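**Q** Before I ask anything, here is the structure I am working with.
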DNA sequence: GTCTATACCAGGATAGAC
DNA sequence: GTCTATCCTGGTATAGAC
């Protein structure tokens, strides 16, 4: 069962990840779901409230997906590669980039709570990556900076993949760019 | 001597780098420069034309700044670190991020020429970084992927720094994040 | 090259019926 | 929970005077 609120969030999330927060409107969701704008306002009174709901759900889902990777991987190296796969698969779905990457760029347009949640998302990722790096034997003095670098390279790889999306059919190749960047980092860091 | 067109470009570039392409309007430039909106249209008939002028100038200026680094650095390592400094300094100026990073995120809202120029900008950077890495002794089979990773980490570091910009006065610390990420990459890759 | 005035449409949001 | 109708504002752009 999918509620209307969920369908709105699905549509909105894709729109944000593809066009940016200021690049879509309620009219776009309305057209996609064949529902009127006031109906959307009924579920999410303001666009800011919609953004807040989006990031809350995104963090939950991302945490769950990361746990899948955590449980399915045999060693730290595999965990880091599998984690990068989450980003690569995001891009493979219609050239989307990380929701929080978009929110970071559009931070000025967003309410404080969303900005804080975005920051918290990255802090959470940093902490997890640092833990995996420690598990892989990296000295504690280096894990923090290395985790930041790994995270930055993944978010940046999505940007580069997006920029490269000129010839429309090349999304597969661009997804590999994300994986390739991650592989380079894992090899170099460990 | 600064022409009106230049002043418009200056204002617009800052606005794009801080708010995103869809996050500002001619009214913002109008207010900042104490000039009317039609005057801006006189110099740049459409917002798309303004974006095109922006990226043309950005590429020229970035190339010049990179040449400064190229000429001033003694060895490849210093060149890479100095290059990262260009990104760090961008962020230090009011929390700006790379214009092309923003244009990559907002690509769907931009005309084809701007998208192509954004892609070309990144291709240019990739090529330059790859050349420096080769100069540093990296085998030719690895330079391409490593350059992509370095570039991604710099663009991503700007995103993370922006997201972290919660407490307003901490811009200095965030600029160091960019430099720290770059240092981690240089050490790990070479 | 800059202005006033204005057109036009879209975005975000509300009132109130069903 | 969804609709029709409507409001207000702001964004992009043009016409035409100075």
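Protein chains in written order, with the working numbering: chain A, 70 to 259; chain B, 70 to 259.
Note that beta-carbon positions come from the ideal geometry of N, C-alpha and C, so glycine has one too.
Please read all numbers here as calculations on a predicted model, not as lab measurements.
Check whether chain A comes within 9 Å of residue 257(B), counting only Cβ atoms and requiring the distance to be less than that.
**A** It does; some Cβ of chain A falls within 9 Å.
**Q** Name the chain A residues that come within less than 8 Å of residue 231(B), Cβ to Cβ?
**A** Result: 173, 174, 176.
**Q** Can you list, in chain order, the residues of its chain with a C-beta nearer than 8 Å to that of residue 234(A)? Leave out the 5 residues immediately preceding and following it.
**A** Only 164, 240, 243 meet the Cβ criterion.
**Q** Do you know offhand how far residue 105(A)'s Cα is from residue 112(A)'s?
**A** The straight-line gap from Cα to Cα measures roughly 12 Å.
**Q** Quick test of the definition: if touching needs 3 or more C-beta pairs under 8 Å, does the segment 210-229 of chain A touch the segment 245-256 of chain A?
**A** Segments in contact, yes.
**Q** Go through the segment 133-185 of chain A residue by residue and report every complete run of the alpha helix (DSSP H) that reaches 4 residues or more, in order.
**A** Within the segment 133-185 of chain A, the complete alpha helix (DSSP H) runs of at least 4 residues are 145-161, 168-174.
**Q** Measure from the alpha carbon of residue 190(A) to the alpha carbon of each residue in 210(A), 218(A), 167(A), then state which is nearest.
**A** The option with the nearest alpha carbon to residue 190(A) is 167(A).
**Q** Any contact of the segment 112-125 of chain B with the segment 81-93 of chain B, i.e. 3+ C-beta pairs under 8 Å?
**A** Yes: at least three Cβ pairs fall under 8 Å.
**Q** Could you name the residues of chain B that residue 191(A) contacts, counting a contact when the two beta carbons are closer than 7 Å?
**A** Neighbours of residue 191(A) on chain B, chain order: 229, 232.
**Q** Quick one: which chain A residues come within Cβ less than 7 Å of residue 146(B)?
**A** Chain A residues near residue 146(B): none, gap ~15 Å exceeds 7 Å.
**Q** If you compare alpha carbons, which of 97(B), 222(B), 150(B) is closest to residue 254(A)?
**A** For residue 254(A), the nearest C-alpha among the options comes from 222(B).
**Q** Counting C-beta neighbours from all protein chains within 10 Å, is the total for residue 217(A) 16 or more, i.e. buried, or is it exposed?
**A** It counts as buried.
**Q** Going straight from the alpha carbon of residue 215(B) to that of residue 256(B), what length do you get?
**A** Distance between the alpha carbons of residue 215(B) and residue 256(B): 12 Å.
**Q** Which residue from 102(B), 91(B), 92(B), 93(B) puts its Cα closest to that of residue 76(B)?
**A** It is 102(B) whose Cα lies nearest to the Cα of residue 76(B).
**Q** Could you work out which residues of chain B lie near residue 87(A), taking near to mean beta carbons separated by less than 8 Å?
**A** Per Cβ cutoff of 8 Å: 177.
**Q** Name the chain B residues whose beta carbon is nearer than 9 Å to that of residue 166(A)?
**A** Near residue 166(A) (Cβ distances below 9 Å), the residues of chain B are 173, 174.
**Q** Do residue 108(B) and residue 73(B) have their C-beta atoms closer together than 9 Å?
**A** Closer than 9 Å, so yes.
**Q** Could you say which of 91(A), 154(A), 137(A) lies nearest to residue 220(A) if we only look at CA atoms?
**A** Comparing Cα positions, the closest option is 154(A).
**Q** Excluding the 5 residues flanking residue 80(B) on each side, which residues of the same chain have their C-beta closer than 8 Å to its C-beta?
**A** The residues are 97, 98, 101, 102.
**Q** Measure the alpha-carbon distance for residue 58(B) versus residue 202(A) and round it to whole angstroms.
**A** The requested residue 58(B) does not occur in the structure, where chain B is confined to residues 70 to 259.
**Q** Is residue 107(B) helix, strand or coil by DSSP?
**A** Helix.
**Q** For residue 119(A) and chain B, any beta-carbon pair shorter than 9 Å?
**A** It does not; no Cβ of chain B falls within 9 Å.
**Q** Let's see if you can read the secondary structure: which residues bound the alpha helix (DSSP H) around residue 225(A)?
**A** Residues 209-232.
**Q** Since residue 232(A) and residue 173(B) are thought to touch, with beta carbons under 8 Å apart, how far apart are those beta carbons, to the nearest angstrom?
**A** Confirmed, about 4 Å.
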